[in-house]
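These protein sequences, in sequence, are chains P and F. With our numbering, letter number 7 in the first sequence gets 7, and the count goes up by one each step, no holes. With our numbering, letter number 105 in the second sequence gets 105, and the count goes up by one each step, no holes. So the structure is just underneath, and the comments pick up after that.
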Amino acid sequence: AQSVTQLDSQVPVFEEAPVELRCNYSSSVSVYLFWYVQYPNQGLQLLLKYLSGSTLVESINGFEAEFNKSQTSFHLRKPSVHISDTAEYFCAVSAMDTGRRALTFGSGTRLQVQP
Amino acid sequence: DTGVSQDPRHKITKRGQNVTFRCDPISEHNRLYWYRQTLGQGPEFLTYFQNEAQLEKSRLLSDRFSAERPKGSFSTLEIQRTEQGDSAMYLCASSTTQNTEAFFGQGTRLTVV
Numbered sequence: 001a002q003s004v005t006q007l008d009s010q011v012p013v014f015e016e017a018p019v020e021l022r023c024n025y026s027s028s029v030s031v032y033l034f035w036y037v038q039y040p041n042q043g044l045q046l047l048l049k050y051l052s053g054s055t056l057v058e059s060i061n062g063f064e065a066e067f068n069k070s071q072t073s074f075h076l077r078k079p080s081v082h083i084s085d086t087a088e089y090f091c092a093v094s095a096m097d098t099g100r101r102a103l104t105f106g107s108g109t110r111l112q113v114q115p
Numbered sequence: 001d002t003g004v005s006q007d008p009r010h011k012i013t014k015r016g017q018n019v020t021f022r023c024d025p026i027s028e029h030n031r032l033y034w035y036r037q038t039l040g041q042g043p044e045f046l047t048y049f050q051n052e053a054q055l056e057k058s059r060l061l062s063d064r065f066s067a068e069r070p071k072g073s074f075s076t077l078e079i080q081r082t083e084q085g086d087s088a089m090y091l092c093a094s095s096t097t098q099n100t101e102a103f104f105g106q107g108t109r110l111t112v113v
């Protein structure tokens, strides 16, 4: 079984400031790691994923996340946020060696970007 | 639009009524997932289909819930004798056997009054 902990339920930040959203996971098997973003009354959109290889992964809109196996973490960062980044962010894992690929999500972090 | 489609987007029902939601996955996606998301929480896995076979059900899926995927295309999720605790966003996602990524629909928001 897997579990995901997102340590911050809300993160207020000013526009153009850097931000880090924290994610830790627990699993008895190897996992794939994901960050999803959810805008109000919308479904989830994949932001980025770690499958294997380089531990630093990047999205097209400036977010990056680094997989740290020893700390079982997958923190999300952005060096300079925009108002449009205001949304709920979910960290998720799925077991690597099973077929089902169902996701286990954290409880989410609400990023509030203020002007 | 070739994304995952869910219908309806919103449903208000009285306690004790039955409701049914529909999900149309991305064409040729053989895997389909249902999740439930309550306010302030992340989505929780409910059930999973590969083609028409329901391969796994979460313990969250009580006997009032039933899901089907006839012919391995669209899926329906039915809730019988709804309770106020069923109020949530119901999300559908689809993927292929090869994909590690699931694509989500916009969800159906259920309010039980």
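All C-beta atoms, glycine included, are put in the ideal place defined by N, C-alpha and C.
(message) Along the chain, where does the beta strand (DSSP E) containing ASP24 (chain F) start, and where does it finish?
(response) Reading the second sequence from its first residue, position 24 is the one you call residue 24 (chain F). Bounds of the beta strand (DSSP E) holding ASP24 (chain F) are 19-24.
(request) Could you work out which residue in P:GLY62, P:ASN41, P:GLN42, P:PRO40 is closest to LEU48 (chain P) when comparing CA atoms only? (result) As a working note, residue 48 (chain P) is residue 48 in the first sequence. Of P:GLY62, P:ASN41, P:GLN42, P:PRO40, the residue nearest in Cα terms is P:GLY62.
(message) Using only the alpha-carbon positions, how far apart do ASN117 (chain P) and TYR50 (chain P) sit?
(response) Any question about residue 117 (chain P) goes unanswered here, given that chain P covers just 1 to 115.
(request) Report the residue from P:LEU56, P:VAL93, P:SER26, P:GLN38 whose alpha carbon sits nearest the alpha carbon of GLY105 (chain F). (result) Within the second sequence, the letter at position 105 stands for residue 105 (chain F). Nearest C-alpha to GLY105 (chain F): P:GLN38.
(request) With DSSP as the reference, label SER73 (chain F) as helix, strand or coil. (result) Here the question's residue 73 (chain F) lines up with position 73 in the second sequence. In this structure, SER73 (chain F) counts as coil in the three-state DSSP scheme.
(message) Taking DSSP's pairing of strands, which residues face LYS49 (chain P) in a bridge?
(response) The residue labelled residue 49 (chain P) in the question sits at position 49 within the first sequence. Within the DSSP bridge table, the entry for LYS49 (chain P) names P:PHE34 as partners.
(message) Below 7 Å on C-beta distance, what does GLN117 (chain P) contact in chain F?
(response) Residue 117 (chain P) is absent from the model: chain P starts at 1 and stops at 115.
(message) Can you tell me where the beta strand (DSSP E) holding PHE14 (chain P) begins and where it ends?
(response) Taking the first sequence and counting its residues from 1, the one referred to as residue 14 (chain P) is at position 14. First-last of the beta strand (DSSP E) with PHE14 (chain P): 10-14.
(message) Output needed for GLN84 (chain F): all residues of its chain with C-beta closer than 7 Å, excluding positions within five of it in sequence on either side, in chain order.
(response) The residue labelled residue 84 (chain F) in the question sits at position 84 within the second sequence. Hits under 7 Å: ARG15, VAL112.
(request) Report buried or exposed for MET106 (chain P), applying the criterion of at least 16 other Cβ atoms within 10 angstroms of its Cβ. (result) In the first sequence, residue 106 (chain P) corresponds to position 106, counting from 1. The question names Met, but residue 106 (chain P) in the sequence shown is Gly. GLY106 (chain P) should be labelled buried.
(message) Can you tell me whether ASP86 (chain F) is helix, strand or coil according to DSSP?
(response) Counting from one through the second sequence, the residue named residue 86 (chain F) turns up at place 86. Note: ASP86 (chain F) maps to helix in three-state DSSP.
(message) For a cutoff of 9 Å on Cβ pairs, would you count VAL57 (chain P) as touching chain F?
(response) Taking the first residue of the first sequence as position 1, residue 57 (chain P) is located at position 57. Chain F, which has no Cβ nearer than 9 Å to the Cβ of VAL57 (chain P), makes this no.
(request) Can you give me the start and stop residues for the beta strand (DSSP E) that GLN98 (chain F) sits inside? (result) Walking along the second sequence from the start, residue 98 (chain F) turns up at place 98. Here GLN98 (chain F) belongs to no beta strand (DSSP E), and DSSP marks it neither H nor E.
(message) Please list the terminal residues of the continuous beta strand (DSSP E) segment that includes ASN68 (chain P).
(response) Position 68 of the first sequence, counted from the start, is the residue given in the question as residue 68 (chain P). ASN68 (chain P) -> beta strand (DSSP E) spans 64-68.
(message) Quick check on the burial criterion: 16 or more other C-beta atoms within 10 angstroms. Buried or exposed for PRO43 (chain F)?
(response) Counting from 1 along the second sequence, the entry for residue 43 (chain F) is found at position 43. Buried, since its Cβ has 16 or more Cβ neighbours within 10 Å.
(message) Please report whether the beta-carbon of PRO25 (chain F) lies at a distance below 9 Å from any beta-carbon of chain P.
(response) Against the second sequence, residue 25 (chain F) aligns to sequence position 25. The C-beta of PRO25 (chain F) comes no closer than 9 Å to any C-beta of chain P.
(request) List the residues of chain F whose Cβ lies closer than 7 Å to the Cβ of PHE105 (chain P), in chain order. (result) Here residue 105 (chain P) corresponds to residue number 105 of the first sequence, with the count starting at 1. By Cβ distance, chain F contributes GLY42, PRO43.
(request) Drop a sphere of 10 angstroms on the beta-carbon of THR104 (chain P), count the other beta-carbons inside from all chains shown, and report buried for 16 or more, exposed for fewer. (result) As a position in the first sequence, residue 104 (chain P) is number 104, starting the count at 1. Counting of Cβ neighbours within 10 angstroms places THR104 (chain P) among the buried residues, the total reaching 16 or more.
(message) Among the candidates F:ASP7, F:TYR33, F:ILE12, F:ASN18, whose CA atom is the shortest distance from the CA of PHE103 (chain F)?
(response) The residue labelled residue 103 (chain F) in the question sits at position 103 within the second sequence. Of F:ASP7, F:TYR33, F:ILE12, F:ASN18, the residue nearest in Cα terms is F:TYR33.
(message) I'd like to know if GLY108 (chain P) contacts chain F, where contact means its C-beta is closer than 9 Å to some C-beta of that chain.
(response) The residue labelled residue 108 (chain P) in the question sits at position 108 within the first sequence. Yes, GLY108 (chain P) counts as interfacial toward chain F.
(request) Write down the C-beta distance between VAL4 (chain P) and TYR25 (chain P) rounded to the nearest angstrom, noting that I regard them as a contact closer than 8 Å. (result) As a position in the first sequence, residue 4 (chain P) is number 4, starting the count at 1. As a position in the first sequence, residue 25 (chain P) is number 25, starting the count at 1. Indeed, because the Cβ distance is near 5 Å, the residues count as touching under 8 Å.
(message) Please confirm whether SER26 (chain P) has its beta-carbon closer than 9 Å to some beta-carbon of chain F.
(response) Working through the first sequence from its first residue, we reach residue 26 (chain P) at position 26. By this cut-off, SER26 (chain P) is not an interface position.
(message) Taking its Cβ as the centre, do 16 or more other Cβ atoms sit within 10 Å of VAL29 (chain P), making it buried, or is it exposed?
(response) The sequence position of residue 29 (chain P) within the first sequence is 29, counting from 1. Residue environment for VAL29 (chain P): exposed (fewer than 16 other C-beta atoms within 10 angstroms of its C-beta).
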